[in-house]
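Chemist: Before anything else, here's the structure in question.
Number of protein chains: 2
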Amino acid sequence: MKYNHIAAALAALAIGISASAQQALSSRAPVASPEINSDNTVTFRYRNAKAVKVLIQGDFLTSMSPVEMKEGQDGVWTYTSQPLEGELYLYDFIVDGERRNDPSNMYMSRDIATWTNFFTMSTRKDDKGWYYEVHDIPHGTLAKRWYDSPALGTVRRMSVYSPAGYEKSKGKYPVLYLLHGSGGDEDAWVDLGRTVQILDNLIAEGKAKPMIVVMPNGVYYNNAAPGYAVNMFQPTMSNSRSDSTKEIEDSFQDVISFVESNYRVATGRQNRAIAGLSMGSRQSCSISRSHPGTFSYIGMFSGAVPVNTPEEEAALAKQMDPKWAPKLYWIGVGSADGVKAHAIKIKEYCESKGYPVEYYESEGGHTWRNWRLYLTLFAQKIFK
Amino acid sequence: MKYNHIAAALAALAIGISASAQQALSSRAPVASPEINSDNTVTFRYRNAKAVKVLIQGDFLTSMSPVEMKEGQDGVWTYTSQPLEGELYLYDFIVDGERRNDPSNMYMSRDIATWTNFFTMSTRKDDKGWYYEVHDIPHGTLAKRWYDSPALGTVRRMSVYSPAGYEKSKGKYPVLYLLHGSGGDEDAWVDLGRTVQILDNLIAEGKAKPMIVVMPNGVYYNNAAPGYAVNMFQPTMSNSRSDSTKEIEDSFQDVISFVESNYRVATGRQNRAIAGLSMGSRQSCSISRSHPGTFSYIGMFSGAVPVNTPEEEAALAKQMDPKWAPKLYWIGVGSADGVKAHAIKIKEYCESKGYPVEYYESEGGHTWRNWRLYLTLFAQKIFK
Numbered sequence: 000m001k002y003n004h005i006a007a008a009l010a011a012l013a014i015g016i017s018a019s020a021q022q023a024l025s026s027r028a029p030v031a032s033p034e035i036n037s038d039n040t041v042t043f044r045y046r047n048a049k050a051v052k053v054l055i056q057g058d059f060l061t062s063m064s065p066v067e068m069k070e071g072q073d074g075v076w077t078y079t080s081q082p083l084e085g086e087l088y089l090y091d092f093i094v095d096g097e098r099r100n101d102p103s104n105m106y107m108s109r110d111i112a113t114w115t116n117f118f119t120m121s122t123r124k125d126d127k128g129w130y131y132e133v134h135d136i137p138h139g140t141l142a143k144r145w146y147d148s149p150a151l152g153t154v155r156r157m158s159v160y161s162p163a164g165y166e167k168s169k170g171k172y173p174v175l176y177l178l179h180g181s182g183g184d185e186d187a188w189v190d191l192g193r194t195v196q197i198l199d200n201l202i203a204e205g206k207a208k209p210m211i212v213v214m215p216n217g218v219y220y221n222n223a224a225p226g227y228a229v230n231m232f233q234p235t236m237s238n239s240r241s242d243s244t245k246e247i248e249d250s251f252q253d254v255i256s257f258v259e260s261n262y263r264v265a266t267g268r269q270n271r272a273i274a275g276l277s278m279g280s281r282q283s284c285s286i287s288r289s290h291p292g293t294f295s296y297i298g299m300f301s302g303a304v305p306v307n308t309p310e311e312e313a314a315l316a317k318q319m320d321p322k323w324a325p326k327l328y329w330i331g332v333g334s335a336d337g338v339k340a341h342a343i344k345i346k347e348y349c350e351s352k353g354y355p356v357e358y359y360e361s362e363g364g365h366t367w368r369n370w371r372l373y374l375t376l377f378a379q380k381i382f383k
Numbered sequence: 000m001k002y003n004h005i006a007a008a009l010a011a012l013a014i015g016i017s018a019s020a021q022q023a024l025s026s027r028a029p030v031a032s033p034e035i036n037s038d039n040t041v042t043f044r045y046r047n048a049k050a051v052k053v054l055i056q057g058d059f060l061t062s063m064s065p066v067e068m069k070e071g072q073d074g075v076w077t078y079t080s081q082p083l084e085g086e087l088y089l090y091d092f093i094v095d096g097e098r099r100n101d102p103s104n105m106y107m108s109r110d111i112a113t114w115t116n117f118f119t120m121s122t123r124k125d126d127k128g129w130y131y132e133v134h135d136i137p138h139g140t141l142a143k144r145w146y147d148s149p150a151l152g153t154v155r156r157m158s159v160y161s162p163a164g165y166e167k168s169k170g171k172y173p174v175l176y177l178l179h180g181s182g183g184d185e186d187a188w189v190d191l192g193r194t195v196q197i198l199d200n201l202i203a204e205g206k207a208k209p210m211i212v213v214m215p216n217g218v219y220y221n222n223a224a225p226g227y228a229v230n231m232f233q234p235t236m237s238n239s240r241s242d243s244t245k246e247i248e249d250s251f252q253d254v255i256s257f258v259e260s261n262y263r264v265a266t267g268r269q270n271r272a273i274a275g276l277s278m279g280s281r282q283s284c285s286i287s288r289s290h291p292g293t294f295s296y297i298g299m300f301s302g303a304v305p306v307n308t309p310e311e312e313a314a315l316a317k318q319m320d321p322k323w324a325p326k327l328y329w330i331g332v333g334s335a336d337g338v339k340a341h342a343i344k345i346k347e348y349c350e351s352k353g354y355p356v357e358y359y360e361s362e363g364g365h366t367w368r369n370w371r372l373y374l375t376l377f378a379q380k381i382f383k
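Here it is, written out as structure tokens:
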């Protein structure tokens with residue numbers, strides 16, 4: 000093979016990966032999937048004439064099990080849902096026993112190491128899906144920044160949302176520190192949590208105060224999300240925690256110091272909130288405890304602080320007994336979440352101490368669907 | 000089914016999408032893929048005991064056609080490459096005729112509407128792959144910002160890279176405006192082009208001047224990338240161009256005005272460069288022409304300005320005949336690129352006019368592999 004021939008072949012290959020993929024997928028036109036119908040049902044389509052059995056699984060189904068798609072004469076498998084409420088929905092296909100993404104839907108999000116298709120829909124203004132969608136309103140800025148953490152001896156990456164108008168304003172803004180869960184990173188609240196869309200929409204509607212939202216990376220082992228860290232690591236649930244004496248919580252002052260010296264922030268406890276999901280909820284508790292008088296609003300989303308034994312209750316008391324009372328402990332948990340009992344214990348503990356507490360129970364479990372909702376609710380409670 | 004039962008089921012489903020997916024995929028431990036071996040060969044693995052034929056295609060193969068993977072006793076299909084040079088490589092599998100991504104590799108990038116697995120490797124400092132990887136050096140900031148475009152009557156989104164130290168400096172920085180191709184958006188140069196990594200590395204090595212890189216959205220129909228625009232549109236190659244009288248080039252002053260009033264930029268033509276790939280190359284030409292004396296460095300990566308007829312040559316002359324000479328026209332093209340003849344014509348035109356021109360021909364074709372390389376080279380030529 001002559002050199003030019005190889006070069007031409009390589010070029011054709013590299014250009015053609017998507018084209019040839021379409022060919023491999025089907026010799027006919029691609030199918031539209033998902034299609035949101037006028038009655039708010041949603042139709043999913045998948046072309047594969049060779050497949051024997053195709054299932055769909057998704058969080059819009061009322062069935063826990065995947066359901067069968069039906070094959071048409073044209074080799075296109077189809078499933079149409081019940082009418083759905085406004086939401087962000089996740090789904091994928093199971094093709095002859097193997098999970099795969101919908102090749103017709105380029106909207107995908109990564110949760111730890113798994114990519115899943117999603118779509119948003121809203122049936123009216125102000126339904127849940129509406130807050131996760133983009134509207135023709137003023138938009139804030141999202142920045143990916145690196146900060147120095149002397150406590151950990153390294154630089155680390157964070158996502159920072161600043162609201163529309165921040166750059167041209169001379170005003171100072173309150174700050175919400177928003178923490179992810181095990182296996183997550185500084186991209187999680189942005190990509191899975193739709194933080195930018197939720198805040199843009201709440202602020203435009205006058206339902207939340209313009210605020211800065213800081214989303215640091217809460218994983219000790221990695222200083223950045225995959226693709227932005229030095230190694231091409233594979234994230235897992237279990238590589239989030241430190242086995243050393245240094246915990247991510249011990250370095251939180253580095254996060255605050257960076258934010259307060261790099262952004263026009265309003266200081267004082269009344270202008271700082273901290274919230275997190277699951278592991279991040281536990282971190283929110285302990286950081287507020289180790290920074291007494293720093294935060295006035297503490298959000299615990301699907302809080303995973305264990306309170307099953309007297310020792311654990313004592314540990315909770317140690318985390319939750321500041322010398323000062325914040326203006327709000329906000330607790331959100333799903334009725335089917337395994338940590339619901341913990342959340343109730345924390346609520347009861349706050350009540351027994353006379354701390355200001357709000358408890359919100361939603362449907363469902365330990366899911367991003369709930370964490371998006373909790374952020375939407377919590378953001379309306381703070382800095383007011 | 001009682002309510003609680005449904006809620007519990009939904010919760011289990013939503014939590015379990017990735018867990019059940021792993022189950023569906025295999026009852027055994029996941030396989031590692033890709034694995035970069037000590038001799039710089041790379042091993043790909045894919046577990047699927049039911050598959051009859053599994054191929055791999057990728058831009059590291061010396062063959063244009065996909066090659067067969069070999070099934071082991073354990074149902075794991077394997078392919079090991081030749082020793083590879085440092086690069087960012089793309090690949091996917093074809094399983095019984097259907098293209099699919101590697102379920103073991105969460106590193107994926109989206110090119111228009113197609114997701115493809117990738118990995119980076121470097122065999123020594125300073126090889127190509129090294130520039131696309133993240134190293135333990137100072138990192139710049141990446142911001143996603145919205146700007147007002149009075150010319151188009153809308154707000155639009157852009158990506159802005161600012162180099163390490165920008166925020167704490169009082170200095171002014173030169174600006175590279177970097178344009179994507181058909182079907183792309185403001186995320187393309189960041190995600191596919193590895194712009195942040197390339198600039199961080201070049202600047203840390205002292206090979207490029209610290210500069211701001213502005214990556215606007217050059218698609219008329221959409222004002223932001225998928226997921227950040229009002230509609231959940233499906234990007235295509237063909238929806239990039241305007242069919243109205245307003246072209247994205249006509250609104251470019253809005254981009255410059257926003258950048259120069261929101262960043263500490265050094266003004267004057269010697270501090271402005273503009274470059275783009277394919278469609279963006281054509282836009283770079285015409286924007287430099289319609290903003291005479293604005294840019295001193297013009298980069299044309301796989302330039303697609305047609306020059307096959309006398310009329311097209313006259314049109315080129317009209318684009319390329321400014322009243323002033325820039326310091327550099329830099330032309331990069333692949334030896335197997337279909338637009339190579341155009342690039343040579345442009346080079347010859349510059350030479351005939353006595354314009355300063357550099358022509359760089361690489362292997363391969365109209366691919367991101369080349370555009371990353373051209374950015375790496377062009378960024379070292381400007382602002383010096």
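Sequence order for the protein chains is G and R.
If you use numbering that gives the first Met the number 0, the first sequence corresponds to residues 0 to 383, in order.
If you use numbering that gives the first Met the number 0, the second sequence corresponds to residues 0 to 383, in order.
By construction, the Cβ of each residue, glycine as well, lies at the ideal position given by its N, Cα and C atoms.
Where DSSP assigns a beta bridge to G298(R), which residues make up the other side?
Modeler: A274(R), W329(R)
Chemist: What does the Cβ neighbour count give for V41(R), buried or exposed, with the cut at 16 atoms within 10 Å?
Modeler: buried
Chemist: Rank D58(G), G96(G), K49(G) by C-alpha distance to the C-alpha of V75(G) and give the top, closest one.
Modeler: K49(G)
Chemist: On a CA-only basis, which of D184(R), A207(R), Y172(R) is nearest A224(R)? Give me that one, please.
Modeler: Considering only D184(R), A207(R), Y172(R), the residue with the shortest C-alpha distance to A224(R) is D184(R).
Chemist: Rounded to whole angstroms, what's the CA-CA distance from Y219(G) to S181(G)? Just pull it up for me.
Modeler: 11 Å
Chemist: Please confirm whether L89(G) and S108(G) have their CB atoms less than 9 Å apart.
Modeler: Taking 9 Å as the cut-off, the beta carbon of L89(G) is found closer than this to the beta carbon of S108(G).
Chemist: Indicate the three-state DSSP secondary structure (helix, strand or coil) for D110(R) in the structure shown.
Modeler: strand
Chemist: From the beta carbon of T42(G), is the nearest beta carbon of chain R less than 9 Å away?
Modeler: no
Chemist: Give the residues of chain G in contact with A224(R), contact being defined as C-beta atoms less than 9 Å apart.
Modeler: Result: empty, since nearest Cβ-Cβ is about 11 Å, beyond 9 Å.
Chemist: Look at the alpha carbon of F382(G) and the alpha carbon of R263(G), and state the distance between them as a whole number of angstroms.
Modeler: 16 Å
Chemist: Using DSSP's beta-bridge definition, name the partner residues of F117(R).
Modeler: L89(R)
Chemist: Touch check for the segment 251-268 of chain G and the segment 276-293 of chain G: three-plus C-beta pairs under 8 Å?
Modeler: Enough Cβ pairs lie closer than 8 Å, so yes.
Chemist: By Cβ distance, which residues of its chain are closer than 8 Å to I211(G), with the 5 residues on each side in sequence left out?
Modeler: V159, Y160, S161, P162, Y165, Y172, P173, V174, L175, V258, Y262, V264
Chemist: Taking 9 Å as the CB-CB limit, is H290(R) close to chain G?
Modeler: With 9 Å as the cut-off, H290(R) does not count as an interface residue toward chain G.
Chemist: Would you give the residue range spanned by the alpha helix (DSSP H) that L376(G) belongs to?
Modeler: 367-377
Chemist: Any beta-carbon of chain R closer than 9 Å to the one on P407(G)?
Modeler: Summary: the structure shown does not reach residue 407(G), with chain G confined to residues 0 through 383, and so no result is reported for it.
Chemist: Quick one: grab the DSSP three-state call for L141(G).
Modeler: strand
Chemist: When the Cβ atoms of the segment 337-344 of chain G are set against those of the segment 366-378 of chain G, are three or more pairs found closer than 8 Å?
Modeler: no
Chemist: Taking the C-alpha atoms as reference points, what is the distance between A378(G) and K346(G)?
Modeler: Distance between the alpha carbons of A378(G) and K346(G): 19 Å.
Chemist: Taking Y160(R) as part of the beta strand (DSSP E), name the residues at either end of that continuous run.
Modeler: 153-161
Chemist: Quick check on the DSSP output: what are the complete beta strand (DSSP E) runs of length 3 or more inside the segment 60-84 of chain R, in order along the chain?
Modeler: You should have 75-79.
Chemist: So what's S37(G) in DSSP terms, helix, strand or just coil?
Modeler: coil
Chemist: In its own chain, which residues sit with a C-beta less than 7 Å from the C-beta of H138(R), not counting the 5 before and 5 after it?
Modeler: A163, D199
Chemist: Leaving out five residues on either side along the sequence, give the residues of the same chain with a beta carbon under 8 Å from the beta carbon of Y359(G).
Modeler: W329, I330, G331, V332, Y373, L376
Chemist: Would you say W145(R) lies against chain G (beta-carbon separation less than 9 Å)?
Modeler: yes
Chemist: From this set, L83(G), A207(G), N216(G), which residue's C-alpha is nearest R144(G)'s C-alpha?
Modeler: N216(G)
Chemist: Give the interface partners of F118(G) over in chain R, defined as CB-CB distance under 8 Å, in chain order.
Modeler: M231
Chemist: What would DSSP say about Q282(R), mapped onto helix, strand or coil?
Modeler: helix
Chemist: With which residues is Y172(G) paired in a DSSP beta bridge?
Modeler: V264(G)
Chemist: Could you tell me whether the Cβ of Y348(G) comes closer than 9 Å to any Cβ of chain R?
Modeler: Closer than 9 Å to the CB of Y348(G) there is not a single CB belonging to chain R.
Chemist: With a CB to CB cut of under 7 Å and the five nearest residues on each side skipped, what residues in its chain are close to V51(R)?
Modeler: D95
Chemist: By the DSSP assignment, the alpha helix (DSSP H) with G57(G) in it spans what residues?
Modeler: Careful: G57(G) lies outside any alpha helix (DSSP H), inside the beta strand (DSSP E) at 53-57.
Chemist: Can you list, in chain order, the residues of its chain with a C-beta nearer than 7 Å to that of Y106(G)? Leave out the 5 residues immediately preceding and following it.
Modeler: N116, F117, F118
Chemist: Using C-beta distances below 8 Å, list every residue in its chain close to K69(R), excluding the 5 sequence neighbours before and after it, in chain order.
Modeler: W76, T77, Y78
Chemist: Count the other C-beta atoms from every protein chain shown that fall within 10 angstroms of the C-beta of R193(R), then say buried if there are 16 or more, exposed otherwise.
Modeler: buried
Chemist: Taking only the alpha-carbon atoms, compute the straight-line gap between V213(G) and E132(G) and give it to the nearest angstrom.
Modeler: Rounded to the nearest angstrom, the two C-alpha atoms are 21 Å apart.
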